[in-house]
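A.B. asks: Residue numbers (the working numbering): 24 to 287.
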Amino acid sequence: MKHLFAIFGNPVSHSKSPLMHNLAFKGLGYDGCYNRYKLENGDQLKEKFFALGLKGINITVPHKEHAYHACDELDPFAKKVGAVNTIVERDGKLHGYNTDAPGFLKAISEFEEAKKVLFLGAGGTAQSTSAILKDAGYEVTILNRSSKRLERFKEEGFKTYTFEEFSAQPYDLIINMTSAGLEDEFLPCPQYILAEIIPTADACIDVIYGKETPFLKLARLYGKPTKDGSDMLLYQGIIAFEYFTEHAYTFDEIKEHMRQAFIL
Ligand code: NDP
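1. At a threshold of 7 Å, does N167 count as lining the ligand ADP (C-beta to nearest heavy atom)?
2. Mind reading off the beta-carbon distance from K87 to G147? Whole number of angstroms is fine, and I expect it under 8 Å.
3. I'd like to check one pair, V104 with Y120: are the Cβ atoms closer than 8 Å?
4. Comparing the CB of I231 with every heavy atom of the ligand NDP, is any distance shorter than 7 Å?
5. Should S153 go down as buried or exposed, given a rule of 16 or more other Cβ atoms within 10 Å for buried?
6. What separation, rounded to the nearest whole angstrom, lies between the Cα atoms of T83 and Y266?
7. Let me make sure I understand the geometry here. Which of L27, Y245, F189 has the alpha-carbon closest to that of L77?
8. Just confirm the distance between the C-beta atoms of P193 and T223, as a whole number of angstroms; I'd bet it's less than 8 Å.
9. Would you kindly report the start and end of the unbroken beta strand (DSSP E) that includes L62?
10. Indicate the three-state DSSP secondary structure (helix, strand or coil) for E199 in the structure shown.
11. Apart from the five residues on each side of it in sequence, which residues of its chain come closer than 8 Å, Cβ to Cβ, to Q150?
12. Could you give the uninterrupted runs of the alpha helix (DSSP H) lying entirely in the segment 80-115, keeping only those of 4 residues or more?
13. Would DSSP call D275 helix, strand or coil?
14. Quick one: is D54 buried, meaning 16 or more other Cβ sit within 10 Å of its Cβ, or exposed?
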């Protein structure tokens with residue numbers, strides 16, 4: 024029987040996930056099909072999941088919190104961070120996972136010496152990725168435009184600053200976790216701050232993929248190594264695929280096929 028999967032979000036038209044997962048299904052000979060579904064009302068997530076006869080979904084902006092609440096069972100990490108981007112149905116129950124954070128952790132593993140990390144941004148992605156980095160032994164500092172979203176990070180023991188409070192220190196990695204540069208040409212923080220911190224960094228990373236953001240352009244002008252969000256996207260997809268197929272394939276087997284989505 025063909026297993027059906029989808030990405031739920033709004034918007035979803037730009038998503039690479041259908042291509043990534045369908046390439047892996049085809050390449051590995053798994054009888055699955057992955058579509059996109061524009062979900063306007065996050066409260067209807069569970070109802071739509073069952074109405075469409077799905078086996079699993081990925082969830083993107085703005086429904087990761089709705090997805091968290093729709094699940095019957097939560098993986099401990101997803102429970103800790105309050106955000107679910109992968110759901111698998113088993114015996115009529117929805118099981119929720121967060122694969123963004125382990126995907127990101129793997130994506131930055133190439134910077135072996137890095138320990139001190141500065142996050143620009145304090146949204147949902149920063150929340151799950153900061154938690155996994157902290158558990159993995161990184162020292163994470165959060166710099167955000169406004170103070171509201173910093174409260175939760177402060178409670179969890181992170182050093183947090185708004186632009187006005189910040190005083191520059193050396194960081195090994197500077198990571199844009201904001202949506203600045205996604206659909207505009209904004210930098211994630213004032214240029215005078217970047218001029219202080221980029222020169223002492225080993226590398227600059229962006230979670231945005233598919234374009235060179237103003238942040239990465241600036242980092243390149245300073246001669247710094249840069250990395251966009253493509254590997255994070257690929258790795259979160261591979262880990263989701265492992266759950267979708269109940270770990271029938273290894274990470275590397277899935278990667279061999281899914282990575283084709285980035286070179287087509
Ligand atoms: P949220 O909406 O939860 O958070 C947005 C954050 O960006 C906030 O900290 C906000 O600051 C800040 N921000 C937005 N615009 C600006 C700006 N012009 N200047 C400075 N700060 C700004 O977003 P998410 O965490 O869901 O997503 C963040 C990014 O991560 C997106 O670009 C998304 O595409 C990307 N992403 C990439 C993935 C991948 O696989 N590569 C996976 C998931 C997300 P404030 O609090 O002041 O409003």
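The beta carbon of each residue, even a glycine, is placed where N, CA and C say it ideally should be. Note that the structure is predicted; figures quoted are calculated from it, not measured.
C.D. replies: Quick look at the numbers:
1. As for the ligand ADP, it is missing from this structure, which binds only the ligand NDP.
2. 6 Å
3. Going by C-beta atoms, Y120 is not nearer than 8 Å to V104.
4. yes
5. Buried, because 16 or more other Cβ atoms sit within 10 Å of the Cβ of S153.
6. 17 Å
7. L27
8. 4 Å
9. Per DSSP, L62 belongs to no beta strand (DSSP E) and is neither H nor E.
10. Strictly speaking, residue 199 in this sequence is Asn, with Glu absent from that position. Here N199 sits in strand by DSSP.
11. Counting only Cβ-Cβ distances below 8 Å, and skipping sequence neighbours, we find V104, G105, A106, R175, F176.
12. 87-93, 99-104
13. Helix, per DSSP.
14. exposed
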